[in-house]
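Below is one structure, written out as structure tokens; the observations come after it.
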Amino acid sequence: MITLSTIRQTYDRCSSFYDLFFKPWLEFGRRQAIENLRPKPGQTVLEIGVGTGLSLEFYPPDVRVVAFDYSHGMLTESKGKVASEAPCPVDLLQMDVQAMAFPDGSFDRIMAAYVLTVVPDIHQAMREILRVARPGARVVLINHLTRRSGLLAWVENLFHPVFARLGLFTLDRDLLSILESYGVEELQTEPTSWLGLHHVIAFTVPTTGSDGAASGRHPVIR
Ligand SMILES: C[S@@+](CC[C@H](N)C(=O)[O-])C[C@H]1O[C@@H](n2cnc3c(N)ncnc32)[C@H](O)[C@@H]1O
Numbered sequence: 250m251i252t253l254s255t256i257r258q259t260y261d262r263c264s265s266f267y268d269l270f271f272k273p274w275l276e277f278g279r280r281q282a283i284e285n286l287r288p289k290p291g292q293t294v295l296e297i298g299v300g301t302g303l304s305l306e307f308y309p310p311d312v313r314v315v316a317f318d319y320s321h322g323m324l325t326e327s328k329g330k331v332a333s334e335a336p337c338p339v340d341l342l343q344m345d346v347q348a349m350a351f352p353d354g355s356f357d358r359i360m361a362a363y364v365l366t367v368v369p370d371i372h373q374a375m376r377e378i379l380r381v382a383r384p385g386a387r388v389v390l391i392n393h394l395t396r397r398s399g400l401l402a403w404v405e406n407l408f409h410p411v412f413a414r415l416g417l418f419t420l421d422r423d424l425l426s427i428l429e430s431y432g433v434e435e436l437q438t439e440p441t442s443w444l445g446l447h448h449v450i451a452f453t454v455p456t457t458g459s460d461g462a463a464s465g466r467h468p469v470i471r
């Protein structure tokens with residue numbers, strides 16, 4: 250089972266060589282997601298689980314990005330990208346998506362690439378995303394979508410326990426059903442990455458009736 254401590258250990262350990270594997274393979278998806286996010290000049294974008302900062306180069310220069318990650322090692326790598334590659338101002342924070350330190354309704358644009366397969370409690374993460382989003386905000390995710398049949402589904406089922414045990418990611422989440430259960434609007438998906446292993450998933454935050462009630466406590470993880 251993935252926990253915050255396995256995430257921290259795993260991603261701290263692989264932060265220095267993460268880009269070697271995951272920059273070329275997943276590059277196209279990051280660019281596609283930010284194009285799909287369509288941030289307007291002057292808007293502040295929240296990027297969740299920014300990792301080593303591989304997406305930062307794709308933002309337009311006229312936005313501000315607030316980006317966070319739970320792994321200190323990954324954030325250390327992303328600091329370098331902020332200095333050398335980001336075309337816009339970026340604030341980096343250490344935080345848990347399941348308990349964000351932002352007030353309700355803070356953001357019009359939210360992006361999370363390859364993160365919701367990793368967080369321990371996807372429902373808590375979704376409640377938090379909907380809480381910090383303004384009503385009508387655009388959210389773009391890149392994520393694995395569950396396959397129900399075929400050879401790839403079989404291979405995924407076989408290797409899934411190994412990846413989950415390593416704290417890398419889990420593949421047993423039916424993200425589209427979860428999003429629908431929170432009443433998100435204008436839900437769209439398009440395949441990205443090799444073999445269509447991931448999808449860019451975009452939706453609009455409902456203007457009323459989301460389940461994103463604030464808990465009142467949003468501690469920053471240090
Ligand atoms: C597969 S990596 C993706 C990183 C980056 N978005 C990319 O495109 O390469 C998953 C990232 O999510 C972060 N993460 C996992 N659980 C998190 C949580 N609960 N809160 C914040 N970040 C989290 C990990 O530390 C890791 O950097």
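So for the sequence shown, this note's numbering puts the first residue at 250; every next one is plus one.
C-beta: ideal position from N, C-alpha, C; glycine also.
Keep in mind that this is a model prediction, so the values were computed, not measured.
Inset, instruction - May I ask whether a heavy atom of ligand 1 can be found less than 6 Å away from the beta carbon of T320? - result: Per the sequence shown, residue 320 should be read as Ser rather than Thr. It does: the Cβ of S320 is within 6 Å (strictly closer) of some heavy atom of ligand 1.
Inset, instruction - Mind checking which residues open and close the alpha helix (DSSP H) that includes D423? - result: Segment: none, D423 is in no alpha helix (DSSP H) and carries neither H nor E.
Inset, instruction - Output the residue ranges of the beta strand (DSSP E) runs that lie fully inside the segment 342-374 and measure 3 residues or longer, sorted by chain position. - result: 356-362
Inset, instruction - Measure the Cβ-Cβ separation of N285 and V404 and say whether it is below 7 Å. - result: no
Legend entry - chain B contact for I297 (CB, 7 Å cutoff): No chain B is part of this structure, which consists of one protein chain only.
Legend entry - Residue range of the unbroken alpha helix (DSSP H) whose run includes I391: From DSSP, I391 is part of no alpha helix (DSSP H) but of the beta strand (DSSP E) over 382-392.
Inset, instruction - Return the chain-ordered list of same chain residues with a C-beta closer than 7 Å to the C-beta of D423, the five sequence neighbours on each side being excluded. - result: T395
Legend entry - Proximity to T339 [Cα-Cα], best of T252, D261, P440, G302: Rather than Thr, the amino acid found at residue 339 in this sequence is Val. That would be G302, whose Cα lies nearest to the Cα of V339.
Legend entry - Check whether D353 and R380 have beta carbons under 7 Å apart: yes
Legend entry - First through last residue of the alpha helix (DSSP H) which encompasses R257: 253-263
Inset, instruction - Run the CB neighbour count on F408, radius 10 Å, all protein chains shown included, and call it buried at 16 or more, exposed below. - result: exposed
Inset, instruction - Evaluate the contact criterion for the segment 292-306 versus the segment 324-334: three or more CB pairs, one atom per stretch, below 8 Å. - result: yes
Legend entry - F307 to E435 span [Cα, whole Å]: 24 Å
Inset, instruction - With a threshold of 6 Å, establish whether the CB of D261 neighbours any heavy atom of ligand 1. - result: no
Inset, instruction - May I have the straight-line CA-CA distance separating Y267 from F418, to the nearest angstrom? - result: 14 Å
Inset, instruction - Starting from D268, follow its DSSP beta bridges and name the residues at the other end. - result: DSSP, once it has assigned bridges, lists no residue as partnering D268.
Inset, instruction - State the start and end residues of the unbroken beta strand (DSSP E) segment that holds T438. - result: 434-441
Inset, instruction - Between the Cα of L365 and those of L425, G291, S264, P290, spot the shortest distance and give me the residue it belongs to. - result: L425
Inset, instruction - Determine which residues share a DSSP beta bridge with T313 and list them. - result: The amino acid at residue 313 is misidentified as Thr; the sequence shows Arg. For R313, which the question treats as bridged, DSSP gives the partners T293.
Inset, instruction - Report buried or exposed for P288, applying the criterion of at least 16 other Cβ atoms within 10 angstroms of its Cβ. - result: buried
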